[in-house]
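Below is one structure, written out as structure tokens, with a few remarks after it.
Residue numbers (UniProt numbering): 1 to 129.
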């Protein structure tokens with residue numbers, strides 16, 4: 001079995017980077033260290049950090065708010081439909097009551113008319129009008 005060569009390559013890369021900074025600083029290790037830190041800070045500043053997190057958070061908040069709005073709208077629509085249904089039922093009830101009332105009134109009038117006729121005919125037997 002072969003051993004992994006990754007540590008060897010990482011070590012060579014680190015030595016190469018160290019040699020680059022040491023060469024550019026004229027052989028002074030403290031200056032090379034300062035330049036390496038400055039370059040690391042500059043590279044770190046270029047990396048997207050909080051912006052990505054803030055964008056993702058804003059995007060998630062937007063999605064959640066949209067879902068809440070849709071749920072609220074659905075609830076409002078349901079309330080509106082329930083109110084409309086209750087209004088229709090109430091109107092049908094009132095129409096039925098009105099229709100029943102007129103039917104009862106007609107029947108009552110008919111009974112009163114027949115009673116008046118009967119009263120006249122019975123009154124005629126006993127000498128009344």
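Backbone N, C-alpha and C fix where the C-beta goes; we use that ideal spot for every residue, glycine too.
By how many angstroms is the C-alpha of residue 101 removed from the C-alpha of residue 116? Going by C-alpha positions, residue 116 is about 22 Å away from residue 101.
So for residue 3, helix, strand or coil by DSSP? Note: residue 3 maps to coil in three-state DSSP.
Assuming the contact rule is C-beta atoms closer than 8 Å, residue 32 and residue 22 should be a hit. Round their C-beta distance to whole Å, please. 5 Å
Could you give the residue range of the alpha helix (DSSP H) that holds residue 30? 29-46
Just the C-alpha distance for residue 70 and residue 89, rounded to the nearest angstrom, thanks. 28 Å
Taking just the CA atoms, how far does residue 60 sit from residue 30? 46 Å
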